[in-house]
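Q: First the structure, which I've put down as structure tokens, then a few questions once you've had a look.
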């Protein structure tokens, strides 16, 4: 799906795949695209809230999502409906495929959360990653995924996720 950049202000679909199947697809509005990083904005796509224990995503929450064509992660700034920053949710993915109709990323199970105050940094789903079999099936991708998670944690602990998303 590489090709022309999506049109700023236009609507595109974001598709998150896992093991070759669509995990979730939702509409978003293109904020910017410099040819390396595409930024879109989307509302929480579910009609009900979802409580993860460390954060609660709710209808009306706004996600400003940063996708790179050359990095193995995506970073999503999460704001409540009133504009208050909840934090940053980071997905470890293969580099994004970006085209005029949308963005497709393959979820590699590893995630990271940083709270709005910066004090809480959580590595998530390492057990799912281990169970996925990717380390045996695609050791190069697995190494890239671990490296991406380490990079995201370093950025978060240094307070740089917010700057990455500026």
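Numbering (the working numbering), first residue to last: 2 to 167.
Virtual Cβ for every residue (Gly too), placed ideally from N, Cα, C.
#1: Using the C-alpha atoms, what's the distance from residue 68 back to residue 119?
#2: For residue 147, which three-state DSSP category applies?
#3: Going by C-alpha to C-alpha distance, which of 70, 43, 75 sits closest to residue 60?
#4: Roughly how many angstroms lie between the CA atoms of residue 139 and residue 109, to the nearest whole one?
#5: Considering only the alpha carbon of each residue, which of 105, 87, 89 lies closest to residue 95?
#6: Helix, strand or coil, according to DSSP, for residue 1 in the structure here?
#7: Is DSSP giving residue 49 helix, strand or coil here?
#8: Should residue 133 be labelled buried (16 or more other beta-carbon atoms within 10 Å of its own) or exposed?
#9: So, with DSSP's three-state summary, where would you put residue 59?
A: Based on what the coordinates show:
#1: Cα to Cα, residue 119 sits roughly 21 Å from residue 68.
#2: Reduced to three states, the DSSP call for residue 147 is helix.
#3: The candidate whose alpha carbon is nearest that of residue 60 is 43.
#4: Distance between the alpha carbons of residue 139 and residue 109 is about 11 Å.
#5: If we check each option's Cα against that of residue 95, 105 comes out closest.
#6: An answer regarding residue 1 cannot be provided, because it is not within the stretch 2 to 167 covered by the chain.
#7: Coil at residue 49, not helix or strand.
#8: Buried: at least 16 other Cβ atoms inside 10 Å.
#9: Coil, per DSSP.
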